[in-house]
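Residue numbers (the numbering used here): 879 to 1155.
Shown next as structure tokens:
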């Protein structure tokens, strides 16, 4: 039974939760299949025939044929998977996003965002790179209103430990050009941009357990995973997740979320005296 979740009432927003994930499983698997050149060629040669090979609803198939991204997301599509359709069509992410609002790519690029009450950065910090951390945090600071909050979530390395070896396994097959940063240096960069850091939380043990569950689920559905993604990709991700679980368990890598606030001109943060989460 689906839970009655308050976040489902956010106007104009589709939350990709477990329920949506189950609804859109085959739609998203179809999108992932487009990572292979031979599958893209088959899809473009006869889109309807290719879609009929997947256990998608007729409504999902029609949304793909119509390139209706809003409908695909309502039917369980995840934008990161749906972007594979855009790439297959030779469209940029900005073109796809513009199509969801009836805007041209240039109009979408020209949008002046903000100010926002809060910004969460989850799952992308490892791709920023040390050379652009100041630019990254300065931009986030500019996008927040006074008393606005930033939650920055990212995998971290120990002080003095090397970054991913260039052309090593992770760099070559999983996160090309990814960089992990030591949490103390991250806090310093956050404060240098003008924020006040209010809370740092380590989630290392949580990620050890999560990754072990992911590996178990992958192995329980191994044949299906190989059928959709290929044996090579399935083996890469099993090795990556299993290895990462060990690294988190042994404290060789960490993961932190840093909560910071843009104080107003009088120095007021707008946060409670004690955490209320």
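Glycine included, C-beta positions come from ideal geometry on N, C-alpha and C.
Beta-carbon to beta-carbon, residue 960 and residue 947 are separated by about 6 Å, close enough to satisfy the 8 Å threshold. When C-beta atoms of the region 1002-1021 are compared with those of the region 1107-1116, fewer than three pairs fall below 8 Å, so the two segments do not count as touching.
Assignment of residue 1144 by DSSP, reduced to helix, strand and coil, places it in the coil class. Apart from sequence neighbours up to five positions away, the residues of its chain that approach residue 892 with a beta-carbon distance below 8 Å are 898, 951 and 952, ordered along the chain.
Contact between residue 1077 and residue 1153 is confirmed by a C-beta separation of about 7 Å, below the 8 Å threshold.
In this structure, residue 1093 sits away from residue 1071, with a CB-CB distance that is not shorter than 8 Å.
In this structure, the straight-line span from the alpha carbon of residue 1133 to that of residue 927 is close to 44 Å. If you draw a 10 Å sphere on the C-beta of residue 964, you find 16 or more other C-beta atoms in it, and that means buried. Within the DSSP bridge table, the entry for residue 1079 names 1135 as partners. Between the beta-carbon of residue 1090 and that of residue 1012 there is about 36 Å, and that puts the pair past the 8 Å contact cut. When DSSP states are grouped into helix, strand and coil, residue 1103 belongs to the helix group. The alpha helix (DSSP H) runs lying completely inside the region 990-1060 and spanning 4 residues or more are 1011-1021 and 1047-1051, given in chain order. Ranked by Cα distance from residue 996, the options 981, 985, 933 and 1018 are led by 1018. Nearest C-alpha to residue 1082 among 977, 1129 and 971: 1129. For residue 948, the uninterrupted alpha helix (DSSP H) segment begins and ends at 947-952.
Here DSSP, grouped into helix, strand and coil, assigns residue 925 to helix. If you draw a straight line from the Cα of residue 1100 to the Cα of residue 1106, it is about 10 Å long. Taking residue 1139 as reference, the option from 1015, 972 and 903 with the minimal CA-CA separation is 1015. Shown here, residue 1128 sits in coil according to DSSP, grouped into three states, outside any helix or strand. Rounded to the nearest whole angstrom, the CA to CA distance from residue 1027 to residue 1148 is 9 Å.
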